[in-house]
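To start, the structure under review is shown below, and the notes come after it.
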Amino acid sequence: MSATKLKILCLHGFTSSAARLSRQLAPVVQASAPWANFTFVDAPFAVEPGYAWWRAQDRSGPDGDYAVYEGWPKSRTYLHDILREQGPFDGVLGFSQGAVVTSLLCLMPEFRDKFGFGVIIGGFKARDPELRRNYEESNPGFDRRSLHVWGREDDIVPPRASEKLSEMFKNPELIVHSGGHVIPTAEEEIGKWTAFFRERAGAKAAREGSKAKY
């Protein structure tokens, strides 16, 4: 089974870090060990007490409120470097701000063919107008397999925002829990986590087995 384990890139949230996300996700990582390996990376901008993928500068315009993501171009280049130096990856997972990045990696033409699936935890659509264009319904990135996780009591990211993003994917799988802006690791949720990764690992094994015949 080790030859067909998934390799998953993991992206933390605003002011968090690779180490903190690793701790938050530890029960999932441990339970999913037969099927997946997880690679945690720090974002390129230091923002106490951790790091960030960008700083959101709120703006208002004739079409409503929006944000400018200062630093995204540097993060985009940095992610290309990560893929070149540490890839390839089978999937990408992100929490909070990292979940927004994950959605972009699933949808942006320069990234979307590099990941077979996305795991979006406490996520929402990017608020920067330059990035929102990636969320057109016709985007083929929405065809990929995805797992969406959010809490009914999330007071940081509105649950409906996470739900609306999940609805754009063609075959989303969901873990909706009773908590807030956290990664759920109760026994029931662990079963759903492992089922998703086990299925993805099985699909990878089937693809590799098919290639071996030729």
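Using full-length UniProt numbering, you'd call the opening residue of the sequence shown number 1 and step up by one each time. Where a beta carbon is used, it is the ideal one built from N, C-alpha and C, also for glycine.
- Bounds of the beta strand (DSSP E) holding Thr39 are 36 to 41.
- Under the Cβ criterion (8 Å, minimum of three pairs), the segment 97 to 106 counts as touching the segment 123 to 138.
- The Cβ atoms of Asp128 and Val68 sit closer than 7 Å to each other.
- Across the set Ala186, Val149, Ser138, the C-alpha of Val149 shows the shortest separation from the C-alpha of Gly118.
- In this structure, DSSP gives Glu70 an extended state, which the three-state scheme calls strand.
- Rounded to whole angstroms, Met168 and Phe142 show a C-alpha spacing of 7 Å.
- If you look at Ser103, you'll find it in the alpha helix (DSSP H) that goes 97 to 107.
- If you ignore the 5 residues before and after Arg145, its C-beta comes within less than 6 Å of the C-beta of Phe117, all in its own chain and listed in chain order.
- Residues Lys5, Leu6, Phe197, Arg198, Ala201 of the same chain have their beta carbon placed closer than 7 Å to that of Trp35, with the five preceding and five following residues left out of the count.
- The beta carbons of Val47 and Ala18 sit about 14 Å from each other, so the pair does not count as a contact at 8 Å.
- Ranking Asp90, Glu187, Leu83, Phe124 by CA distance to the CA of Arg207 puts Asp90 first.
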